[in-house]
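**Q**
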Amino acid sequence: MGKKKRSRAAPPFDAKASLGRDDSANDDDDDEWGGLDVADVATTIRVATTLARRPDLLASKPFKPLRAALFPLVQLQLKKYDPVDYVARVTAALQQGKAHDALLALEGMREFGLSAKQGTIQRWVRDCDAISSEGGLRVRLLQAVLQASRPPSVEQREGGGEGGGEGGGEPGGTPGGGEGEQQIIEHPAWRADEGQSPRGAAEEGQPPRGAEDEGAATRGAGGVGIRPLPALTLRVVMKEAAAGRQPPNHYDLNIFACKPGEISLASGQEAAARVRRVDCPHVPGAFVLLDVLSTDECDLLIAAAHQMGFTPDHPLSRPSPSGIEACEWLVDEHVIDPIFERCRQHLPQQVAGGEVAGINPRWRMFRYTDTEGAVYRPHIDGSWPGSGLDAEGKYRHDLRGDHRSRYTFLVYLTGGFEGGATTFYIPDEAGLGLHARRVQPVRGAVLCFPQGNTASLLHEGSAVIRGEKVVIRSDVLYKFPRRG
1 MGKKKRSRAA PPFDAKASLG RDDSANDDDD DEWGGLDVAD VATTIRVATT
51 LARRPDLLAS KPFKPLRAAL FPLVQLQLKK YDPVDYVARV TAALQQGKAH
101 DALLALEGMR EFGLSAKQGT IQRWVRDCDA ISSEGGLRVR LLQAVLQASR
151 PPSVEQREGG GEGGGEGGGE PGGTPGGGEG EQQIIEHPAW RADEGQSPRG
201 AAEEGQPPRG AEDEGAATRG AGGVGIRPLP ALTLRVVMKE AAAGRQPPNH
251 YDLNIFACKP GEISLASGQE AAARVRRVDC PHVPGAFVLL DVLSTDECDL
301 LIAAAHQMGF TPDHPLSRPS PSGIEACEWL VDEHVIDPIF ERCRQHLPQQ
351 VAGGEVAGIN PRWRMFRYTD TEGAVYRPHI DGSWPGSGLD AEGKYRHDLR
401 GDHRSRYTFL VYLTGGFEGG ATTFYIPDEA GLGLHARRVQ PVRGAVLCFP
451 QGNTASLLHE GSAVIRGEKV VIRSDVLYKF PRRG
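The numbering of the sequence shown is UniProt numbering, which starts it at 1 and goes up by one.
1) Who are I472's beta bridge partners in DSSP?
2) How about Q451 and S405: are their beta carbons less than 8 Å apart?
3) State the Cα-Cα distance for the pair A374 and I324, rounded to the nearest angstrom.
4) Do Q196 and R276 come within 8 Å of each other at the CB atom, strictly closer than that value?
5) Beta strand (DSSP E) containing Q442: first to last residue?
6) Could you give the first and the last residue of the continuous beta strand (DSSP E) run that contains V331?
7) Between which two residues does the alpha helix (DSSP H) harbouring Y86 extend?
8) Do you know offhand how far A436's Cα is from F424's?
9) How should E203 be labelled, buried or exposed, when 16 other C-beta atoms within 10 angstroms of its C-beta is the threshold for buried?
10) The alpha helix (DSSP H) with I302 in it runs from where to where?
11) Which same chain residues, not among the five before or five after E372, have their C-beta less than 7 Å away from its C-beta?
12) I'd like to check one pair, I472 with M308: are the Cβ atoms closer than 8 Å?
13) Apart from the five residues just before and just after D398, which ones in its own chain have a Cβ nearer than 8 Å to its Cβ?
14) Could you check whether the Cβ of A116 sits closer than 8 Å to any Cβ belonging to chain C?
15) So, helix, strand or coil for I324, using DSSP?
16) Rounded to whole angstroms, what is the Cα-Cα separation between D40 and P72?
17) Three-state secondary structure (DSSP) at V74?
18) Output needed for A144: all residues of its chain with C-beta closer than 7 Å, excluding positions within five of it in sequence on either side, in chain order.
19) Using only the alpha-carbon positions, how far apart do E297 and S133 sit?
20) Going along the chain, which residues of its own chain have a beta-carbon closer than 6 Å to the beta-carbon of L316, five neighbours each way excluded?
21) Going by Cα to Cα distance, which pick from Q118, C280, Y407 and D337 is closest to G354?
22) Helix or strand or just coil, what does DSSP make of A242?
23) Could you check where the alpha helix (DSSP H) with T50 kicks off and where it finishes?
24) Put Q350 into one of helix, strand or coil per three-state DSSP.
25) Rounded to the nearest angstrom, how far is the Cβ of V289 from that of V446, given a contact under 8 Å?
26) Please list, in chain order, all residues of the same chain as V335 whose beta carbon is under 7 Å from its beta carbon, the five residues on each side excluded.
27) Determine the contact status of residue 506 and H346, defining contact as a CB-CB distance below 8 Å.
Here it is as structure tokens:
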């Protein structure tokens, strides 16, 4: 055996000499030092000196809390020397179809804890649709974009969040890609009315409000039986040229209104008492309100929309129409107030300092059929103001100035069709891909889920395999204090 080396003790650390401070420091010195004493700073210097010699220690598990504490300081220093505009780089790369460049820029955003505005995230999601899905590349991009909608926590950077939640290996998940690839992890569709007992009229032997009508999805011209309805007094309150739409379209946009009171829904406590809330599993903040509309009320609204007419949806960015037809209707208080009255008690009463104020009267109605296999591609909903008519009867996109939406409000008017789920894509905590969480529409029910940067829920209107789906897209409005 070789000779044993004599260990050399480190020279004693003179904190007072090193820091230029003695025990006679006054209160002003305490303020200057941020409340730290000599021993605190001396220990910190000793730890930093040791870690500089032994960087492997800092990477070890016992030092994880220290890494978390140091991260903001490191990030602050790096920002001083890195003038790169990562958000602009992501935008440029996606517009040019350079997926790998976009991934690198998104990684830069993650490392610096940067987040993008909601409108930017929405554009990125649309641009991802043009990226090839080969090798899970599109899924990787979408997952990175969703992460960019909110700054990641230190725990996420350190590989935290192990187990539970949306992590891999969850029962019922069916991977949709090859081994080692980012993939769509499929799950069975979920229905809010499964296991629910009908209330109200059903207890007296009548069909429950919103009960499924299997024939409604297959009978009549176009697939849905259209109830007789006297001709409405319709007018176009707003016309938007195709090129000015967002995104630009091949077709103009017409927003219709009918004579107030021509279409009306019943109000009162009896209708409100029928409504039940069921939270959506695995989709943060999402819930379904059952029995909001009766079957007759659904038929009435569909008939009104057919009088206004459905127009094909064909964005300029697509080579062919989406296969989804749309109709926009500015409803009056005889329709919107009873619906809000029925749902109000089940809605979040306060969001981000705003008080729940109503449902957006501007309805975007969409019609999916089984002839086109139409899919409303993955997207993120934006926040909308409350629209309406002013005292002179003119359309105002932002009628009040202090009402903004914070929840999407999807009303399902048809049922009995196959497919047609609202599918949410939830990032896997272990980074394996995106979980496809399908909410199957229930006729007369409403699906609500949060909007905004802190809850950017990527979702799509999946293809209808058999039958016809008609849905209303509106918003839950909140009143916020006026600025200035």
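Built from N, CA and C at the ideal position, the CB exists for glycine as well. Note that the structure is a prediction, hence the values are computed from the model and not measured.
**A** Reading from the atomic positions:
1) Position 472 of the sequence shown, counted from the start, is the residue given in the question as residue 472. Residue pairing for I472: DSSP places it in a beta bridge opposite M365 and V411.
2) Within the sequence shown, numbered from 1, the residue matching residue 451 stands at position 451. Within the sequence shown, numbered from 1, the residue matching residue 405 stands at position 405. In this structure, S405 lies closer than 8 Å to Q451 by Cβ.
3) Taking the first residue of the sequence shown as 1, we reach residue 374 at position 374. Taking the first residue of the sequence shown as 1, we reach residue 324 at position 324. Per the coordinates, the alpha-carbon of A374 lies some 6 Å from the alpha-carbon of I324.
4) Here residue 276 refers to the residue found at position 276 when the sequence shown is read from its first residue. Here residue 196 refers to the residue found at position 196 when the sequence shown is read from its first residue. In contact: R276 and Q196 (Cβ atoms closer than 8 Å).
5) Position 442 of the sequence shown, counted from the first residue, corresponds to residue 442. Checking the sequence shown, residue 442 turns out to be Val, not Gln. Annotation: V442 is outside any beta strand (DSSP E) and is labelled neither H nor E by DSSP.
6) Numbered from its first residue, the sequence shown carries residue 331 at position 331. Careful: V331 lies outside any beta strand (DSSP E) and carries neither H nor E.
7) Translated into the one-based positions of the sequence shown, residue 86 becomes position 86. Element bounds for Y86: Y86 to Q95.
8) Against the sequence shown, residue 436 aligns to sequence position 436. Against the sequence shown, residue 424 aligns to sequence position 424. A direct Cα-Cα distance of roughly 6 Å separates A436 from F424.
9) Position 203 of the sequence shown, counting from 1, holds the residue named residue 203. The predicted model places E203 with a pLDDT of 41, which falls under 50 and marks its position as unreliable; any figure quoted below should be read in that light. Of the residues assessed, E203 falls on the exposed side of the cut-off, its CB having fewer than 16 other CB atoms within 10 angstroms.
10) Reading the sequence shown from its first residue, position 302 is the one you call residue 302. Its alpha helix (DSSP H) spans residues T295 to M308.
11) On the sequence shown, residue 372 is found 372 positions in, with the first residue counted as 1. So the qualifying residues of the chain are G323.
12) Residue numbering aside, residue 308 sits at position 308 when the sequence shown is read from its first letter. Residue numbering aside, residue 472 sits at position 472 when the sequence shown is read from its first letter. Contact: no.
13) By 1-based counting over the sequence shown, the position of residue 398 is 398. Closer than 8 Å at the Cβ level, and outside the excluded window around D398, lie P385, G386 and S387.
14) This model lacks chain C altogether, as it is built from one protein chain only.
15) As a working mapping, residue 324 is identified with position 324 in the sequence shown. Collapsing the DSSP output to three states places I324 in coil.
16) Translated into positions along the sequence shown, residue 40 becomes position 40. Translated into positions along the sequence shown, residue 72 becomes position 72. Those two C-alpha atoms are separated by around 19 Å.
17) Here the question's residue 74 lines up with position 74 in the sequence shown. The three-state reading of DSSP puts V74 in helix, counting H, G and I together.
18) One-based indexing of the sequence shown puts residue 144 at position 144. Once the five neighbours on either side are set aside, the close Cβ partners of A144 are L103 and L106.
19) On the sequence shown, residue 297 is found 297 positions in, with the first residue counted as 1. On the sequence shown, residue 133 is found 133 positions in, with the first residue counted as 1. Rounded to whole angstroms, E297 to S133 spans 41 Å at the Cα level.
20) If you number the sequence shown from 1, residue 316 lands on position 316. Cβ neighbours of L316 beyond the five flanking positions: P248.
21) Position 354 of the sequence shown, counted from the start, is the residue given in the question as residue 354. Cα-wise, what sits closest to G354 is Y407.
22) Start at 1 with the first residue of the sequence shown, and residue 242 comes out as number 242. DSSP, read as helix, strand or coil, puts A242 in helix.
23) The residue labelled residue 50 in the question sits at position 50 within the sequence shown. That run of the alpha helix (DSSP H) goes V38 to R53.
24) In the sequence shown, residue 350 corresponds to position 350, counting from 1. Strand.
25) Indexing the sequence shown from 1 puts residue 289 at position 289. Indexing the sequence shown from 1 puts residue 446 at position 446. A quick correction: the sequence has Leu, not Val, at residue 289. Sure, about 4 Å apart at Cβ, within 8 Å.
26) As a working note, residue 335 is residue 335 in the sequence shown. Cβ within range, chain order: I263, S264 and L265.
27) The question about residue 506 has no answer, for the chain in this structure spans 1 to 484.
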